[in-house]
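Right, one structure below, let's go through it.
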Amino acid sequence: MFKKAKKLVSVVVTGMMLATLTTGCLSSTSSSSATPTKTTPTAASGSAKVIKVSIGLNEQSPLYAGMKKFGDIVKEKTSNRYEVQLYPNAQLGDDLKATEALRMGTLEMTPPSTSPLTGIDPKLMIFDLPFLFPNKQVADKVLDGPIGQDILDGLTSKGLKGLGFMENGYRQLTNSVREVKSPADLKGLKIRTMENPMHLAAWKAMGANPTPMPFSEVFTAMQQKTIDGQENPITTIYLQKFQEVQKYTTLTGHIYTPFIVLMSKKTWDSLSADDQKIFLNAVNEAKVFQRQTGRDAEAGQIKKLREAGMTVTELTPDQLKAFQDATKSVYDQFADKIGKDFLAKVQTEIAKDSK
Ligand code: KDG
């Protein structure tokens, strides 16, 4: 009898142990499938702190490459204590939505164009002045110098930490209706612009019919012909495959747009002084890489746009001057909003950096 009872107990205990193990495995599996954690063996606490980055362009863009470079440097310099996760194609929201998420502390980083953010800080409008920078080298000097730092510092009161500037680039016009060689050719063309009052004013001054729209909606709008055209740098036009829905590109170079690498102030304040230095240095190294990546590719991309059947129009100096003259009124229209003293300071800096 005793033997039978002993056997029964051992069977029950074994069964309970098996049940516990199975359940234990299921719960850890279910818990791991429910809340996947990315652990890195060398991370101090056994798990890396995740920094999510919302990016408005796709994985082929120099912007994505630049932010990946940033993440790789941070991972290496902090011995995997941080993991930078990239979310391209505006899947966490377009430029303005992602930036507002940073201000609320619900997202860590985003590198948007400055243009949709001018409602947060009107000083950013300086970059929307047509034909402001004579070339990319001067743009680099201004953005990486005291003017750029002044703009970055001004964002901390808005819940944002500006870490530096990357390059979106000189904006070029595309459309599906006709070749554009002069402002007169723009008449009646519905051109998408970024959500920015100065862009709207500039395209109205040139004679087009501008309509503001988040970047994530542009390709579909061109495909459905609810807009005739848009304006973006060559790398964006080519890498976002606009040549599939647009026939003409005109190299207007009418505005130079930077990307501004932003971190939530809440995230920034949670970093140690040493880690803040690592993040800042990582942006400074990554921005040089990002700018060069886009610049190295541009000439080849214009060739590929032509090979894809696009008419790419290079304007003569006189034709370009007609666009410059047509947009001069924008300076007077927005000088007060930008700040006349700040505008004068920037123009003086540009003149100095152009020597
Ligand atoms: O985050 C970058 C993109 O979302 C966008 O800013 C690119 O220049 C751009 C545009 O036209 O919206």
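For the sequence shown, the positions run 143 to 497 when my numbering is used.
Even glycine gets a Cβ: it sits at the ideal position worked out from N, Cα and C.
Computed from a predicted model, the values in this text were never measured in an experiment.
Residue environment, residue i, which counts as buried when at least 16 other CB atoms sit within 10 Å
i, result
"residue 192", "exposed"
"residue 494", "exposed"
"residue 327", "buried"
"residue 365", "exposed"
"residue 434", "exposed"
"residue 482", "exposed"
"residue 405", "buried"
"residue 253", "buried"
"residue 246", "exposed"
"residue 299", "exposed"
"residue 198", "buried"
"residue 339", "buried"
"residue 416", "exposed"
Sequence-distant residues of its chain with Cβ nearer than 8 Å to residue i (five each side left out)
i, result
"residue 456", "393"
"residue 369", "332, 333, 334, 353, 355, 360 and 363"
Same chain only: Cβ atoms within 6 Å of residue i, ignoring 5 sequence neighbours per side
i, result
"residue 395", "312"
"residue 211", "428 and 431"
"residue 485", "477"
"residue 398", "275, 281 and 312"
Unbroken alpha helix (DSSP H) run spanning residue i, endpoints
i, result
"residue 334", "Note, residue 334: premise wrong, no alpha helix (DSSP H); beta strand (DSSP E) at 332-335."
"residue 378", "376-381"
"residue 436", "415-449"
"residue 246", "237-246"
"residue 208", "204-219"
"residue 471", "471-480"
"residue 289", "288-296"
"residue 279", "278-285"
Cβ neighbours of residue i in the same chain (closer than 7 Å, five flanking residues each side left out)
i, result
"residue 524", "Missing from the structure shown is residue 524; the chain here goes from 143 to 497 and no further."
"residue 471", "347"
"residue 163", "Note that residue 163 has pLDDT 40, beneath the 50 cutoff, so the model's placement of it is unreliable and no number is given."
"residue 440", "376 and 377"
"residue 255", "237, 310, 336, 399 and 401"
Assumed close pair residue i, residue j - CB separation to whole angstroms, cut-off 8 Å
i, j, result
"residue 289", "residue 479", "Going by Cβ atoms, the distance from residue 289 to residue 479 rounds to 17 Å, so no, they are not a contact pair."
"residue 446", "residue 303", "With a Cβ gap of about 37 Å, residue 446 and residue 303 do not count as contacting."
"residue 270", "residue 297", "The pair is not a contact, with the Cβ atoms about 17 Å apart (cut-off 8 Å)."
"residue 373", "residue 314", "6 Å"
"residue 201", "residue 230", "5 Å"
For residue i, the residue or residues it bridges with in DSSP
i, result
"residue 227", "194"
"residue 356", "According to DSSP, which records beta bridges pairwise, residue 356 is partnered with nothing at all."
"residue 453", "390"
"residue 317", "371 and 390"
"residue 351", "332"
"residue 140", "Because the chain is modelled from 143 through 497, residue 140 falls outside the range shown and cannot be assessed."
Residue i: first and last residue of the uninterrupted beta strand (DSSP E) it sits in
i, result
"residue 303", "302-312"
"residue 400", "398-406"
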